[in-house]
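Novice: What follows is a structure written as structure tokens; I'll ask about it next.
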Amino acid sequence: MTIRIWKIIEESQLVFQGSGHSLDCVKLLDEQHFISGGDDGSICLWGLQKKKPLYTVFKAHGFGDSVPNWITSIAPLVNTDIFASGSQDGHIRLWKVSENYKKITPLSSVAVPGFVNSLEFNQKGDTLVAAVGQEHRLGRWWRRKEAKNQVVVIRLDQKVVK
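Numbering (this note's numbering), first residue to last: 2 to 163.
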């Protein structure tokens with residue numbers, strides 16, 4: 002699959018080559034970098050100067066039913082090196098990008114049963130809001146009966162996001 006960034010003024014586009022799997026979520030990290038998540042369970046860090054990922058975390062949320070858990074949502078704390086990812090594995094994970102954009106390391110995780118279908122940080126970065134459901138937002142392939150369809154508000158420790 003590809004990611005396309007449209008340059009409206011120049012009437013052109015930048016094309017980035019994915020892994021061949023579906024890329025389900027893409028979010029801007031800062032003016033030069035963005036992150037993506039896909040159905041192969043990988044999280045990729047991208048730079049505008051390179052057409053392939055700068056770094057990839059494979060199987061970022063582990064396995065379920067002998068296949069990697071899809072990355073169903075990503076939320077960056079814009080203009081920082083912190084972002085969150087969601088899947089169906091029962092955890093929202095927080096990640097940190099290295100200063101030189103060559104690595105992604107895990108920071109912590111928060112237990113949340115169900116499919117994490119959407120994530121968003123508030124402006125201060127001390128709260129993460131998650132839309133959680135029993136089913137995946139794009140289809141009814143699986144169901145987590147123990148989950149509730151709800152919005153979860155997570156207060157973050159300032160040590161985590163700094």
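C-beta: ideal position from N, C-alpha, C; glycine also.
Check whether the Cβ atoms of Phe116 and Ala76 lie closer than 7 Å to each other.
Specialist: It is not a contact, given that the beta carbons lie outside the stated cut-off.
Novice: Could you check what DSSP says for Arg141 in three-state terms: helix, strand or coil?
Specialist: Three-state DSSP puts Arg141 in coil, outside helix and strand.
Novice: Helix, strand or coil: how does DSSP classify Gln33 here?
Specialist: Note: Gln33 maps to coil in three-state DSSP.
Novice: Between Val130, Leu120, Thr73, Ser88, which has its C-alpha nearest Asp25's C-alpha?
Specialist: It is Thr73.
Novice: What does a CB cutoff of less than 7 Å around Val27 pick up in its chain, not counting 5 residues either side in sequence?
Specialist: Excluding positions up to five away in sequence, the list reads Ile4, Phe35, Ser37.
Novice: Output yes or no for whether 7 Å exceeds the beta carbon distance between Ile105 and Val111.
Specialist: Going by C-beta atoms, Ile105 is not nearer than 7 Å to Val111.
Novice: Put Glu147 into one of helix, strand or coil per three-state DSSP.
Specialist: If DSSP states are grouped into helix, strand and coil, Glu147 belongs with coil.
Novice: Can you give the Cα-Cα distance for Ser20 and Asp40, rounded to whole angstroms?
Specialist: Roughly 10 Å separates the two Cα atoms.
Novice: CB-CB under 8 Å to Gln89, same chain, minus the five flanking residues each way: which ones, in chain order?
Specialist: Same-chain partners within the cutoff: His62, Gly65, Asn70, Trp71, Thr73, Gly115, Phe116, Val117, His137, Trp143, Arg145.
Novice: On the three-state DSSP scale, how would you describe Tyr102?
Specialist: Coil at Tyr102, not helix or strand.
Novice: Rounded to whole angstroms, how far is the Cβ of Gln14 from the Cβ of Trp7, which I believe are closer than 8 Å?
Specialist: About 5 Å separates the two Cβ atoms, so the contact holds.
Novice: When DSSP builds the beta bridges, which residues end up paired with Val79?
Specialist: The partner list for Val79 (beta bridge, DSSP) is empty, contrary to what the question assumes.
Novice: In the DSSP output, which residue or residues are listed as bridge partners for Val113?
Specialist: None; Val113 has no bridge partner.
Novice: Using CA atoms only, rank isn't needed, just tell me which of Trp96, Lys149, Lys60 is closest to Val113.
Specialist: Nearest of Trp96, Lys149, Lys60 to Val113, Cα basis: Lys149.
Novice: How would you write the range of the beta strand (DSSP E) that Ser13 sits in, first residue to last?
Specialist: Residues 13-18.
Novice: Measuring CB to CB, does Ser109 end up less than 7 Å from Leu95?
Specialist: Yes, the Cβ-Cβ distance between Ser109 and Leu95 is below 7 Å.
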